[in-house]
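**Student:** The structure follows.
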Amino acid sequence: MLMCLAIPACVEQLINENSAIVNLGGIRKEISLALVADIVPGDYVIVHVGFALQKLDQMEAERTLAMFAEISALNKENT
Amino acid sequence: MKYIDEFRTGTLAQKIAAKITSEVSLQRDYHFMEFCGGHTHAISRFGIIDLLPGNVHMIHGPGCPVCVLPIGRVENAIRLAQTPGLILCSYGDMLRIPTANGMSLLKAKAQGADIRMVYSSADAIKIAQKNPQHQVVFFAIGFETTTPPTAVAIRQAQMLGLNNFTVFCNHVLTPSAISHILQSAEVRQLGLVPIDGFIGPAHVSVVIGSQPYEYFAEEFQKPVVIAGFEPLDVMQAILMLIRQINAGRAEVENEFTRAVLPAGNIKAQRLVAEIFELRRIFEWRGLGLVPYSALKIKSCYADFDAEQRFQIPALSIADNKACECGAILRGVKRPQDCKIFGTVCTPENPIGSCMVSSEGACAAHYSYGRFRERNRTARKEN
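Line by line, the protein sequences are chains W and D.
The first sequence runs 13 to 91 under my numbering.
The second sequence runs 5 to 386 under my numbering.
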């Protein structure tokens, strides 16, 4: 079990104010929402030792991926 | 899986690598320490070293929580677990850490101690609820990522009125470890390692934010780039570090913007501040005694503090003499520099802690890197 490796997971269903079911690539698991706020189904959260540590900012994720793509576009220009 | 696969695209990694190669100065070397065990694991698993020019060197840091816990504290946990009627709950990674006499929590369990492997501190609470006639101790370890979950458990135990639940607290702090590596005279005596910049931890930074690193950047003039755990994140962070160094900058930059805010997770920080306070000093494997580098439970939560409820002596136990974990944790030596690496010490039969956890530098190198170097040498000879 990888204790420290945290992964992004999609929130499928809220159980109550403090817990939810997430989908980790097909595996459904109950996690605690005690450390985050305003989570709704469809949000991605960073899950670590059974707790959501933060909501994943989907816009920022797209921006980072766009930055990688930009690098690859620049490389093409250079070659 | 979404937000994982797209950050592992091989073709993009090649492109970032080409960018790195085109931007490095051939006049110098670049030494970067990845503090966090998660990055060590990613660098080994995805073969990132092979994508970097020869003058860019990655140094493994002490950011594997399982690896830095000194043997004395593991021995304490074993003795607790051997207390009749006591249930010790531990994260799985801790179970195989060997102590001085070859003992481990796993062996203690085989000999009859009631040790339960838990995935989460919440599981330990459930075990305490189900076993009111037993004392249940949660062996809490880890950096800033596992501390808030422990805090939640203590709060929950208080709310539930559990009088059989305590925490053996071993939580440690990332910023103090980094500054210790940079400024401690003892660490310098043990061997100096040149560091030009740091890859800042991913999930530790999710909790503490990017602000705590401003101090290093300014005080030590070392750039810090916080990176996610996926290979493209690490590659991009290396590129950002190279750019800072080439431009003579020493700033904190954040590559992991999808999860790290400048102030971090304030809700988690508040909870931690309510329940824990700084220890004056704490022993780290590899770093020795580091002032203000760990947390203890505040006296108002003493009812949930295993160190208050049980006799837990301060034990200082030296590492196995042949084991180089200490030097490896400081970045002074590499796993392959250790005489017993891969022969006497393997993941199946670990001698040192770095071989136990998958985030440990030795385990990562054993699983993913040990044939790479041989192949490289062979290629050169051909």
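Beta carbons: idealized from backbone N, C-alpha and C, even for Gly.
Determine contact between the region 301-311 of chain D and the region 167-176 of chain D, defined as no fewer than three beta-carbon pairs at a distance below 8 Å.
**Tutor:** The region 301-311 of chain D vs the region 167-176 of chain D: in contact.
**Student:** So is methionine 98 of chain D buried or exposed if we call it buried at 16+ other beta carbons inside 10 Å?
**Tutor:** What you label residue 98 of chain D is simply residue 94 of the second sequence in a count that begins at 1. Answer is buried; the Cβ neighbour count reaches 16.
**Student:** Contact defined as beta carbons within less than 8 Å: I believe cysteine 329 of chain D pairs with arginine 289 of chain D. What is the distance between those atoms, to the nearest angstrom?
**Tutor:** Taking the second sequence and counting its residues from 1, the one referred to as residue 329 of chain D is at position 325. Taking the second sequence and counting its residues from 1, the one referred to as residue 289 of chain D is at position 285. With 8 Å as the limit, cysteine 329 of chain D and arginine 289 of chain D qualify as a contact, their Cβ atoms being about 6 Å apart.
**Student:** Which residues of chain W have a Cβ atom closer than 7 Å to the Cβ of lysine 130 of chain D, listed in chain order?
**Tutor:** Here residue 130 of chain D refers to the residue found at position 126 when the second sequence is read from its first residue. Result: empty, since nearest Cβ-Cβ is about 11 Å, beyond 7 Å.
**Student:** Name the chain W residues whose beta carbon is nearer than 8 Å to that of valine 156 of chain D?
**Tutor:** Here residue 156 of chain D is taken as the residue at index 152 of the second sequence, counted from 1. The answer, in chain order, is Ser44, Ala46, Leu47, Phe63.
**Student:** Could you tell me the boundaries of the alpha helix (DSSP H) in which threonine 15 of chain D lies?
**Tutor:** As a working mapping, residue 15 of chain D is identified with position 11 in the second sequence. That run of the alpha helix (DSSP H) goes 14-27.
**Student:** Classify isoleucine 182 of chain D as buried or exposed, calling it buried when 16 or more other Cβ atoms lie within 10 Å of its own Cβ.
**Tutor:** On the second sequence, residue 182 of chain D is found 178 positions in, with the first residue counted as 1. By the neighbour-count rule (16 or more Cβ atoms within 10 Å), isoleucine 182 of chain D is buried.
**Student:** For isoleucine 52 of chain D, decide whether its Cβ has a neighbour in chain W, counting only Cβ atoms nearer than 8 Å.
**Tutor:** As a working mapping, residue 52 of chain D is identified with position 48 in the second sequence. Chain W contact via Cβ: absent.
**Student:** With DSSP as the reference, label histidine 3 of chain D as helix, strand or coil.
**Tutor:** Missing from the structure shown is residue 3 of chain D; chain D here goes from 5 to 386 and no further.
**Student:** Using C-beta distances below 8 Å, list every residue in its chain close to phenylalanine 11 of chain D, excluding the 5 sequence neighbours before and after it, in chain order.
**Tutor:** Stepping through the second sequence from its first residue, residue 11 of chain D is reached at position 7. Excluding residues within five positions, the ones whose Cβ falls inside 8 Å are Gly232, Glu234, Pro235, Leu236, Asp237.
**Student:** Evaluate aspartate 50 of chain W with the Cβ neighbour count: other Cβ atoms within 10 Å of its Cβ, from every protein chain shown; 16 or more gives buried, anything less gives exposed.
**Tutor:** Here residue 50 of chain W is taken as the residue at index 38 of the first sequence, counted from 1. Burial call: exposed.
**Student:** Are any of the Cβ atoms in chain D nearer than 8 Å to that of methionine 15 of chain W?
**Tutor:** By one-based count along the first sequence, residue 15 of chain W stands at place 3. Confidence is the limiting factor: at methionine 15 of chain W the pLDDT is only 49, short of 50, which leaves the residue's position unreliable and the question unanswerable from this model.
**Student:** Let me know if isoleucine 270 of chain D comes out buried or exposed under the rule of 16 or more other beta-carbons within 10 Å of its beta-carbon.
**Tutor:** As a position in the second sequence, residue 270 of chain D is number 266, starting the count at 1. Exposed, because fewer than 16 other Cβ atoms sit within 10 Å of the Cβ of isoleucine 270 of chain D.
**Student:** What do you get for arginine 253 of chain D, buried or exposed, if any count of 16 or more other CB atoms within 10 angstroms of its CB means buried?
**Tutor:** Within the second sequence, numbered from 1, the residue matching residue 253 of chain D stands at position 249. By the neighbour-count rule (16 or more Cβ atoms within 10 Å), arginine 253 of chain D is not buried but exposed.
**Student:** Using C-beta distances below 6 Å, list every residue in its chain close to leucine 282 of chain D, excluding the 5 sequence neighbours before and after it, in chain order.
**Tutor:** Indexing the second sequence from 1 puts residue 282 of chain D at position 278. Within the same chain, leucine 282 of chain D has close Cβ partners Tyr296.
**Student:** Taking the straight line between their C-alpha atoms, what separation do you get for isoleucine 58 of chain W and arginine 262 of chain D?
**Tutor:** For the purposes of this step, residue 58 of chain W is taken as the residue at position 46 of the first sequence. For the purposes of this step, residue 262 of chain D is taken as the residue at position 258 of the second sequence. Spanning the two alpha carbons is a distance of roughly 10 Å.
**Student:** Could you tell me the alpha carbon to alpha carbon distance between asparagine 80 of chain D and arginine 100 of chain D, rounded to whole angstroms?
**Tutor:** Your numbering for residue 80 of chain D matches position 76 in the second sequence. Your numbering for residue 100 of chain D matches position 96 in the second sequence. Those two C-alpha atoms are separated by around 15 Å.
**Student:** By alpha-carbon positions, which one of D:Ala365, D:Pro74, D:Ser361 ends up nearest to serine 389 of chain D?
**Tutor:** No answer is possible for residue 389 of chain D: it lies beyond the span of chain D, which begins at 5 and ends at 386.
**Student:** Which chain W residues are close to methionine 244 of chain D, counting only those with a beta carbon under 7 Å from its beta carbon?
**Tutor:** Residue mapping note: residue 244 of chain D aligns to position 240 of the second sequence, counting from 1. Within 7 Å Cβ-Cβ: nothing; methionine 244 of chain D doesn't reach chain W, min ~10 Å.
**Student:** Helix, strand or coil: how does DSSP classify threonine 178 of chain D here?
**Tutor:** Against the second sequence, residue 178 of chain D aligns to sequence position 174. DSSP places threonine 178 of chain D in helix when its eight states are reduced to three.
**Student:** Given a cut-off of 8 Å on the beta-carbon distance, is the pair proline 266 of chain D and serine 214 of chain D in contact?
**Tutor:** What you label residue 266 of chain D is simply residue 262 of the second sequence in a count that begins at 1. What you label residue 214 of chain D is simply residue 210 of the second sequence in a count that begins at 1. Result yes, Cβ atoms of proline 266 of chain D and serine 214 of chain D sit closer than 8 Å.
**Student:** List, in chain order, every chain W residue whose beta-carbon is nearer than 9 Å to that of isoleucine 8 of chain D.
**Tutor:** As a position in the second sequence, residue 8 of chain D is number 4, starting the count at 1. The answer, in chain order, is Ile19, Pro20, Gly37.
**Student:** Counting only runs that start and end within the region 89-134 of chain D, where is the alpha helix (DSSP H) found for 4 or more residues in a row?
**Tutor:** Taking only runs of at least 4 residues, the alpha helix (DSSP H) segments lying wholly in the region 89-134 of chain D are 109-114, 125-134.
**Student:** Among all the DSSP beta bridges, which residues are the ones paired with histidine 61 of chain D?
**Tutor:** Translated into positions along the second sequence, residue 61 of chain D becomes position 57. Per DSSP, D:His35.
**Student:** On the three-state DSSP scale, how would you describe glutamine 187 of chain D?
**Tutor:** Start at 1 with the first residue of the second sequence, and residue 187 of chain D comes out as number 183. If DSSP states are grouped into helix, strand and coil, glutamine 187 of chain D belongs with the helices.
**Student:** Give the single residue among W:Pro20, W:Ile27, W:Ala18 whose Cα lies nearest to the Cα of serine 44 of chain W.
**Tutor:** Here the question's residue 44 of chain W lines up with position 32 in the first sequence. The shortest C-alpha separation from serine 44 of chain W is found at W:Ile27.
**Student:** Count the other CB atoms, across all protein chains shown, that sit within 10 Å of the CB of proline 88 of chain D; report buried if there are 16 or more and exposed otherwise.
**Tutor:** Counted from its first residue, the second sequence places residue 88 of chain D at position 84. Classification for proline 88 of chain D: exposed.
**Student:** Quick one: list the residues of chain W neighbouring glutamine 240 of chain D, beta-carbon separation under 9 Å, in chain order.
**Tutor:** Here residue 240 of chain D corresponds to residue number 236 of the second sequence, with the count starting at 1. Ordered by position in chain W, the residues that pass the 9 Å Cβ test against glutamine 240 of chain D are Thr76, Met79, Phe80, Ile83.
**Student:** Following the continuous beta strand (DSSP E) through phenylalanine 280 of chain D, name the residue where it begins and the one where it ends.
**Tutor:** Numbered from its first residue, the second sequence carries residue 280 of chain D at position 276. Segment 280-282, the beta strand (DSSP E) holding phenylalanine 280 of chain D.
**Student:** Between the C-alpha atoms of arginine 159 of chain D and glutamine 133 of chain D, what's the straight-line distance to the nearest angstrom?
**Tutor:** Within the second sequence, numbered from 1, the residue matching residue 159 of chain D stands at position 155. Within the second sequence, numbered from 1, the residue matching residue 133 of chain D stands at position 129. One C-alpha to the other measures close to 14 Å.
**Student:** Report all residues from its chain with a CB closer than 6 Å to the CB of threonine 350 of chain D; omit the five preceding and five following residues, and keep chain order.
**Tutor:** The sequence position of residue 350 of chain D within the second sequence is 346, counting from 1. Correct list: empty, nothing qualifies.
**Student:** Spell out a yes or no on whether the region 200-217 of chain D and the region 140-155 of chain D are touching, meaning 3 or more CB-CB pairs, one atom from each, closer than 8 Å.
**Tutor:** Counting Cβ pairs under 8 Å, three or more are found: they touch.
**Student:** Among the candidates D:Glu259, D:Glu257, D:Tyr305, whose CA atom is the shortest distance from the CA of alanine 277 of chain D?
**Tutor:** Taking the second sequence and counting its residues from 1, the one referred to as residue 277 of chain D is at position 273. When only C-alpha atoms are compared, the closest one is D:Tyr305.
**Student:** Looking only at its own chain, which residues have a Cβ that is under 8 Å from the Cβ of leucine 293 of chain D, when we skip the five neighbours before and after it?
**Tutor:** Taking the first residue of the second sequence as position 1, residue 293 of chain D is located at position 289. Ile285, Phe286, Glu287.
**Student:** Hey, quick one: how far does the alpha helix (DSSP H) through tyrosine 393 of chain D stretch, first residue to last?
**Tutor:** Outside the displayed span of chain D (5 to 386) sits residue 393 of chain D, for which this structure offers no information.
**Student:** To the nearest angstrom, report how far apart glycine 76 of chain D and asparagine 324 of chain D are at their CA atoms.
**Tutor:** Here residue 76 of chain D refers to the residue found at position 72 when the second sequence is read from its first residue. Here residue 324 of chain D refers to the residue found at position 320 when the second sequence is read from its first residue. Each residue's alpha carbon lies about 13 Å from the other.
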